[in-house]
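In this note's numbering, the protein residues as written are 4 to 183.
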């Protein structure tokens, strides 16, 4: 079902702790330095961010993993924390296009765990559409780049390679074929 012209009725940002297997792999590859760097941060968990757009047809989950994903009426993880954002009436397509214009096509679709990740993606979408305020930005943003800078140089490179391989296994970018 095509929903791109539907008006967004509400926006929620959700965050869930990054998968333990991913955290464990980063810690193994970094020989324990990843957890040491996490211990230096003002937060105790890394989070994956996504956005829920309420529309007439249901709820769209918009997120950026190794590729941009959009899913209609998804299941929401039981451990998700939510924050509601203010929004003005805008279509799904216009909302995404505004974010793409602000980021540029390459950065919109490209993923880097340290400096072009799910947090940056959600912040840009909200900012480009006048829906970002200091409270929601604080809920979203963790300084992943600061962690990466203090890891052995090969760790961010390995993380980048892993996400590039995962993205290359996708036949096309899902948002390009999404029913929007």
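All C-beta atoms, glycine included, are put in the ideal place defined by N, C-alpha and C. For clarity, every value in this text was computed on a predicted model and none was experimentally measured.
query                                                                                                                            : result
Using the three-state DSSP reduction, which class does residue 76 fall into: helix, strand or coil?                              : coil
So, residue 77 versus residue 10, is the Cβ gap smaller than 8 Å?                                                                : no
In the structure shown, what three-state DSSP assignment does residue 137 receive?                                               : helix
Please classify residue 81 as buried or exposed, where buried requires at least 16 other C-beta atoms within 10 Å of its C-beta. : exposed
Nearest CA to the CA of residue 96: which residue from 126, 132, 119, 118?                                                       : 132
For residue 112, which option in 67, 88, 75, 19 has the closest C-alpha, if you only look at C-alpha atoms?                      : 67
Is the beta carbon of residue 6 closer than 8 Å to that of residue 63?                                                           : yes
Using DSSP's beta-bridge definition, name the partner residues of residue 15.                                                    : 55, 87
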